[in-house]
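Protein chains: 2
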Amino acid sequence: MATTPSAGRKPTIRDVANVAGVSHGTASRVINGGKWVSPEARDAVERAIATTGYTVNRHAQALATGRANSIAFLLTEPQHLLFADPTFSILLRGAAEAAAARGATLVLLVAGTEAERANVAEYVRAGHVDGVLLISSHEADPLLEILIGAGIPTVACGIPLGHRGEVPHVSVDEAGSARTMARYLRTKGHSRIAMIAGPRDTPGGRYRLEGFREALGDDFDPELVEHGDYTEESGESAMERILARSSDIDAVFAASDLMASGALTALRRAGLRVPQDVAVAGFDDSGLAERLDPPLTTMRQPWDQISEEMVTLLQQVVGGGLRKSITLPADLVVRASA
Amino acid sequence: MATTPSAGRKPTIRDVANVAGVSHGTASRVINGGKWVSPEARDAVERAIATTGYTVNRHAQALATGRANSIAFLLTEPQHLLFADPTFSILLRGAAEAAAARGATLVLLVAGTEAERANVAEYVRAGHVDGVLLISSHEADPLLEILIGAGIPTVACGIPLGHRGEVPHVSVDEAGSARTMARYLRTKGHSRIAMIAGPRDTPGGRYRLEGFREALGDDFDPELVEHGDYTEESGESAMERILARSSDIDAVFAASDLMASGALTALRRAGLRVPQDVAVAGFDDSGLAERLDPPLTTMRQPWDQISEEMVTLLQQVVGGGLRKSITLPADLVVRASA
DNA sequence: TCAGCACCTGAGAACGGTCACAGTTCTGTA
DNA sequence: TACAGAACTGTGACCGTTCTCAGGTGCTGA
């Protein structure tokens, strides 16, 4: 006779099997959608699952299969960037939802300090997660070396400088997007276009500037380029340095909305009107853009798609599938600032 | 003879035991810092751990102990709030670090849509995490009912309206902080002080207004109160509504920095100077405050302490300890705006 | 001399899944 | 009629821990 599904404990697969009148092996096959199970058995097990309220124990499952069914969202940026940049929250939320939709769990790992880096390395190396979404933009991130060395399935957000070919990544078409914006500014009649670029050791800092230079061709003037670190403050001071050198600019392209916001502040202080005296364009469309005064013309990164593709790609890499990289287009969003 | 620690596989506790020349039981005792193990055995095991590079398999551990050693950071706010409000990122990061420091894993759960809510409920109920940090401010959050009903260890961020006594929480002293700010504005000579309060169904919306009213006493004028939803836009429109009714105000206290920022915009548009014509104060000190023009006088929430205490408290609840709540003080930060 | 105790140890059974394998029935074909 | 193979099912080993329990020491005190 089938034993009763036992008192207080959470129901196990054996309880389900007992209720359904089959073996736990068959129950497992039903649960995993396996072939070679009769319709009757399937029905009985499914009913038993419903009546017992069974849910799989992921730890037991992970132990048996050797797969954790969870992925890490690994942040290696210094503290102040996460605070200031809405970009990270958007990506994080998107990744959490994409992971959840695939039945995977997203764990958040922060490696700001040296000690945290060591902890994270050990955690990941121990196989507690199946793979890692690396949210790091700087070249030669020591953690990336560790991940590669340990053979951890990794997908980077943005082109990982220095490891371009080795690590699959999902990225916006940096150079192409910058060309699009530069051309747009030119068609609007601007000719003295400055650029507030990102840090030289980040893909955004490097390739957006490259695209900008290409689109401007002979009109490109290195005097009109300054680098920031994507923060508002850095955009403000970069703008000031540019204005100090050349007062004849008629447009600025910033490599992030946050830096564009800083530029707006600097221009206002200099008594210049936007867009009448100087047009301003940003990059990201992170939500800040439309709230600025004037609302910012910018390149919209396809955030949802990026996080979605990162999770998909990571699952492919984890599953041993092909290791490709994905480049997504950004859209020009025209608002009042340029 | 002890078997060799085997080829490709990751070392297990039995490998460690073999290398150390003890049983896996003894190895387990050493690892868990248990009593009743001889110094020699301890040494041998510790050396063996070092040479084999052993790390515990958390899934096996979780299966054996029935404890997941991980906690959830559960977001139930609608999408746009997470994007706009830096508060969440700060809390999240703090919680991740606090959890990591205690050897626990933080998983991010997002319950924005109805479908996600169901998934999250099932996930949590299945015992995949030991407990939940609930980041939700609105009254009668359906998820909170579920958590309480299922007996899931839960710690709320902010006073959970409607369940104040039932759910342990970590919160800033809402009313007291508001009193502090209101008194400060009065000592600066302001007498017609408006308030942009938060939503009525959030603790910040309710108790900050309460403290404000208490501090003002007979001078409190309900005409000067408007409610927003903590976003910048809502602060801007609330400010406009107040100005439309009463043009004689000389100060505004907003229940969030974001709303204060919106108020700044509305005041500027109305041709009023800050702080000369109208003083403006915020709440949170979320990083935005010091970047505003003029920099914002605000109440600083002790973010690091809040996330730290939430994790500590949750671990106590999980461990069956006492279920207290914690109220932390906020500090007045004086900048140029008031 | 030996019971009693404190200290230490190893064997082996859980924990809740998956999976390989062997066994049973059923169908179709020589 | 025999038999191959497909379709289905149950058994039991295994994943890597923890934890209980039954000892084995060596020391103390009667």
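Going down the list, the protein sequences come from chains P and W. So the first sequence is numbered by the numbering used here: it starts at 1 and just counts up by one. So the second sequence is numbered by the numbering used here: it starts at 1001 and just counts up by one. All C-beta atoms, glycine included, are put in the ideal place defined by N, C-alpha and C.
Answer with buried or exposed for V1155(W), where buried requires no fewer than 16 other C-beta atoms within 10 angstroms of its C-beta. buried
Check V280(P) in the structure and name its three-state DSSP category. strand
Please report the residue range of the beta strand (DSSP E) in which G131(P) lies. G131 to I135
Do G1287(W) and I1090(W) have their CB atoms nearer than 9 Å? yes
With DSSP as the reference, identify every bridge partner of H1169(W), one or two as the case may be. A1156(W)
Short check: CB of V22(P) to CB of V56(P), under 9 Å? no
H1059(W) CB to nearest chain P CB: under 9 Å? yes
Whose Cβ in chain P lies nearer than 7 Å to the Cβ of G1204(W)? The contacting residues do not exist; G1204(W) stays about 20 Å from chain P at best.
Cα-Cα separation, A126(P) to E1122(W): 27 Å
DSSP has R300(P) in a bridge; who is on the other side? D284(P) and D331(P)
Quick one, which of F73(P), A182(P) and L224(P) has its alpha-carbon nearest A244(P)'s? L224(P)
When you compare the CB positions of L15(P) and S256(P), do they come within less than 9 Å of one another, or not? Looking at the sequence shown, residue 15(P) is not Leu but Asp. Not closer than 9 Å, so no.
Do you know offhand how far V1107(W)'s Cα is from A95(P)'s? 12 Å
So with CB distances below 8 Å, who are the chain W contacts of E116(P)? E1097 and A1100
Helix, strand or coil at E139(P) [DSSP, three-state]: coil
Counting beta carbon pairs with one atom in the segment 1030 to 1047 of chain W and one in the segment 1273 to 1283 of chain W, are three or more of them shorter than 8 Å? no
Could you tell me the alpha carbon to alpha carbon distance between T4(P) and I31(P), rounded to whole angstroms? Unreliable positioning characterises T4(P) in this predicted model, as indicated by a pLDDT of 47, which lies under 50. A coordinate reading is not provided.
Are the segment 1182 to 1202 of chain W and the segment 1226 to 1233 of chain W touching by the rule of at least three beta carbon pairs closer than 8 Å? yes
How far does the alpha helix (DSSP H) with A1020(W) in it reach, from first residue to last? I1013 to A1020
What's the gap between the Cα of D248(P) and the Cα of T231(P)? 25 Å
On the DSSP letters alone, give me the boundaries of the beta strand (DSSP E) that F73(P) sits inside. S70 to L75
Determine the chain W residues that contact H163(P) at a beta-carbon separation under 8 Å, and present them in chain order. Within chain W, no residue comes near H163(P); the closest Cβ sits about 25 Å away, beyond 8 Å.
Cβ of Y230(P) less than 9 Å from any chain W Cβ? no
Name, please, each residue of chain W whose Cβ falls closer than 9 Å to the Cβ of E122(P). T1055
Under the three-state reduction of DSSP, which class applies to F1253(W): helix, strand or coil? strand
List, in chain order, every chain W residue whose beta-carbon is nearer than 7 Å to that of T312(P). Here the premise fails: no neighbours, minimum Cβ distance about 18 Å.
Name the chain W residues whose beta carbon is nearer than 9 Å to that of H24(P)? None at all; the shortest Cβ gap to chain W is about 16 Å.
With 9 Å as the threshold, decide whether the Cβ of D1284(W) is near any Cβ in chain P. no
Please tell me whether A126(P) has its Cβ less than 9 Å away from any Cβ of chain W. yes
Put H1227(W) into one of helix, strand or coil per three-state DSSP. strand
Residues near A48(P) in its chain [Cβ-Cβ closer than 7 Å; skip 5 each side]: V16, V19 and A20
Inter-residue Cα distance where the pair is M181(P) and S325(P): 24 Å
Element boundaries [beta strand (DSSP E), containing A1197(W)]: I1193 to A1197
On the premise that A336(P) lies in contact with P294(P), defined as a C-beta separation below 8 Å, what is that separation, rounded to the nearest angstrom? 4 Å
Chain P within 9 Å of L1143(W), Cβ atoms only: no
Same chain, Cβ closer than 7 Å to T265(P), neighbours up to 5 away in sequence not counted: E236
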